[in-house]
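Note that the protein sequences, when read in sequence, are chains A and B.
Everything in the first sequence is counted per our numbering, starting at 107 for the first residue and increasing by one.
Everything in the second sequence is counted per our numbering, starting at 30 for the first residue and increasing by one.
C-beta: ideal position from N, C-alpha, C; glycine also.
I have placed the structure first, in the form of structure tokens, so that the comments after it can refer back to it.
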Amino acid sequence: MIETKDIVKTFGENEVLKGISAEFKPGKNNLIIGGSGSGKTTLLKCIVGLHEPTKGDVFFDGENFTNMHFRERVPIRKEIGMLFQNSALFDSMSVEENIMFPLNLFTDMSKSEKQDRANFCLKRVNLEGKGKLHPSELSGGMKKRVGIARAISMQPKYLFVDEPNSGLDPLTSILIDHLISDLTQEYNTTTVVVTHDMNSVMGIGDHIIFLHDGQKWWEGSNKEITHTDNQQLNEFVFASPFMKAAREKL
Amino acid sequence: MFHSLGRYLLLLRLSFRKPEKFSVYWAEVMREMVSEGIGSLGIIVIISLFIGAVATIQTAFQLVSDFIPKTVVGGITRDSTILEFSPTICALVLAGRIGSSIASQIGTMRVTEQIDALEIMGVNAPGFLIAPKIISGITMIPVLVVVSVILGLSGGYLACAASKEVSTADYLSGLTDGFNPLIVTVCAVKSIVFGFLINSICAYQGFYTAGGALEVGQAATRGVVYSCIMILFADLVISRVLL
């Protein structure tokens, strides 16, 4: 389980996060949603340690991650898999080298074991036989899937996903959402997804945190979201006429 | 300025932390050596031959008279090539070739979140990205300078062979007359220092890039400009201290 306690993050005079406390449970798709500039990605970066919170703490299974030094964080980091918004694949490496990269650094697996693991991960994301390609030869959706394959190569306990659907067509978006959801169930990972895609929210949102103006405004599940009377959340979720019509039918 | 200097020194300290796995870092060092060494060989060959030839022709033009032995041309070409032309001009050219590549490569990795991906995995990103480049720089640039010295002196020989003013025998005799081994030491020190400066300054500029493509380009430009200035400054300090 991941827990954040009263996270505050400021950049100069600008207070982006204003004391966010939340719990992210294993085996569930924990979604952080909110409008642009609400602090979603900043919160995610504070949790994984890419930003240091100005105030507050992050706990991974009870261990205070915020207070740890770089070396102390390494064992927890080895249990983290992350898919970035732009996939962040290493351009100089092939697809399978990308997937094997953490295995090369942190395991004593033989070359054939690493190759088998890379093939398994590629098969898991439906990209069998694409291992020799380079990131520049892949489509946006394929890059996302390779990013997921790299993220799961070390069998992570915690999976973080930043805007998995950005720049993807609706069909590929649903495919990626289902993949994330399946992996969460399969490996019982604590999955945290930052998104503003309403299809993801309604499709896989087991536990949703809505951020507005750097504060936690609402918390619940995708089943509860349609019946909320929270004005800010309603304005965000049902911004489009299509969603409004869908809500009325419900 | 002091903020940047402090951040640069801290980045260097992070770069030389104990690696997670030596073999992976070693492979990176080898890859960088090939890229910096073999990749820069062509330009070094071309500029060195021309610099040596031009240095010989211009020295001959200024010094050939009945009162000065013709062997002086070889001696002056040798000293100026070893002391200044090969290490400094090669370093300035390599700052453009290698430096811009390092700054833009690391800068692009920064803006496309590849460095974040390394950090998330628990990899010491400065160590993985910068240390191999610095090690490669301080080993391969001296090798390139040695190649440059040999080719520069060969260029001078070819220039003598092509003109009638100084015979090749006089030139070769001048190369060996009054040779002071100190100039080789100065040349070696310069090339190691320049290799370090090019790689570390450009890597620093790339590592702290923020923004997008425009900022990556600006980081590459800054890296090359600052490297060139620091090369010239270090050149002066080394010459003053060692000669």
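Three-state secondary structure (DSSP) of residue i
i, result
"threonine 110(B)", "helix"
"asparagine 153(B)", "coil"
"threonine 290(A)", "helix"
"glutamine 87(B)", "helix"
"alanine 128(A)", "strand"
"asparagine 209(B)", "coil"
"asparagine 111(A)", "The question names asparagine, yet the displayed sequence has lysine at residue 111(A). Residue state, collapsed to three classes: strand."
"serine 268(A)", "Correcting the residue type first, residue 268(A) is aspartate in the shown sequence and not serine. Aspartate 268(A) falls in the strand class under three-state DSSP."
"lysine 193(B)", "coil"
"asparagine 336(A)", "coil"
"glycine 168(A)", "coil"
"isoleucine 159(B)", "coil"
"phenylalanine 344(A)", "coil"
"threonine 17(B)", "The displayed coordinates of chain B run from 30 to 272. Any statement about residue 17(B) would go beyond what the structure contains."
"histidine 318(A)", "strand"
"threonine 301(A)", "coil"
"glycine 311(A)", "coil"
"threonine 295(A)", "coil"
"glutamate 325(A)", "strand"
"aspartate 199(B)", "helix"
"aspartate 283(A)", "helix"
"glutamine 261(A)", "coil"
"methionine 169(B)", "helix"
"asparagine 228(B)", "helix"
"lysine 250(A)", "helix"
"glutamate 142(B)", "coil"
"lysine 355(A)", "helix"
"lysine 350(A)", "helix"
"leucine 244(A)", "coil"
"glycine 273(A)", "coil"
"lysine 184(A)", "coil"
"methionine 174(A)", "coil"
"leucine 272(B)", "coil"
Within-8 Å CB hit, residue i to chain A
i, result
"methionine 150(B)", "yes"
"valine 53(B)", "yes"
"threonine 141(B)", "yes"
"alanine 146(B)", "yes"
"glutamate 57(B)", "no"
"lysine 193(B)", "no"
"glutamate 65(B)", "no"
"lysine 50(B)", "yes"
Min CB distance residue i to chain B below 8 Å
i, result
"proline 208(A)", "yes"
"isoleucine 186(A)", "yes"
"valine 154(A)", "yes"
"phenylalanine 171(A)", "no"
"phenylalanine 348(A)", "no"
"leucine 211(A)", "yes"
"valine 180(A)", "yes"
"arginine 223(A)", "no"
"arginine 183(A)", "yes"
Practice task
Note down, one range per segment and in chain order, each alpha helix (DSSP H) of at least 4 residues found wholly within the stretch 30-99 of chain B.
Solution key: 31-44, 51-62, 68-92
Exercise for the section: Write down every uninterrupted run of the alpha helix (DSSP H) in the stretch 186-242 of chain A whose length is 4 residues or greater and which is fully enclosed by it, in chain order. Expected result: 201-212, 217-230
Handout entry: Continuous beta strand (DSSP E) assignments of at least 3 residues falling wholly in the stretch 113-163 of chain A
Key = 120-130, 135-140
Handout entry: chain B contacts made by the stretch 187-205 of chain A, where a contact means CB separation under 9 Å
Key = Gly187, Met188, Phe190, Gln191, Asn192, Ser193, Ala194, Leu195, Phe196, Asp197, Ser198
Handout entry: Members of the stretch 312-346 of chain A near chain B, C-beta cut-off 9 Å
Key = none
Handout entry: Cβ pair count under 8 Å reaching 3, the stretch 123-133 of chain B against the stretch 228-242 of chain B
Key = yes
Practice task
Assess, as a yes-or-no matter, whether the stretch 239-249 of chain A is touched by the stretch 152-162 of chain A under the definition of 3 or more beta carbon pairs within less than 8 Å.
Solution key: no
Exercise for the section: Could you tell me whether the stretch 32-47 of chain B touches the stretch 139-151 of chain B, where touching means 3 or more Cβ pairs closer than 8 Å? Expected result: no
Handout entry: Near-chain B residues of the stretch 117-146 of chain A (beta-carbon distance less than 9 Å), N- to C-terminal order
Key = none
Handout entry: Members of the stretch 245-259 of chain A near chain B, C-beta cut-off 7 Å
Key = none
Practice task
Could you tell me whether the stretch 108-121 of chain B touches the stretch 188-206 of chain B, where touching means 3 or more Cβ pairs closer than 8 Å?
Solution key: no
Practice task
Pair every Cβ in the stretch 285-304 of chain A with every Cβ in the stretch 199-208 of chain A, then say whether three or more of these pairs are closer than 8 Å.
Solution key: no
Practice task
Assess, as a yes-or-no matter, whether the stretch 141-159 of chain A is touched by the stretch 107-125 of chain A under the definition of 3 or more beta carbon pairs within less than 8 Å.
Solution key: yes
Handout entry: Cβ contact check for the stretch 87-102 of chain B and the stretch 153-171 of chain B: 3 or more pairs under 8 Å
Key = no
Practice task
Take every Cβ of the stretch 249-256 of chain B, pair it with every Cβ of the stretch 51-60 of chain B, and state whether three or more of those distances are shorter than 8 Å.
Solution key: no
Practice task
Would you be able to state if there are at least three C-beta pairs under 8 Å between the stretch 165-174 of chain B and the stretch 191-198 of chain A?
Solution key: no
Practice task
Flag this pair as touching only if the stretch 318-327 of chain A and the stretch 257-275 of chain A have three or more C-beta atom pairs under 8 Å; answer yes or no.
Solution key: no
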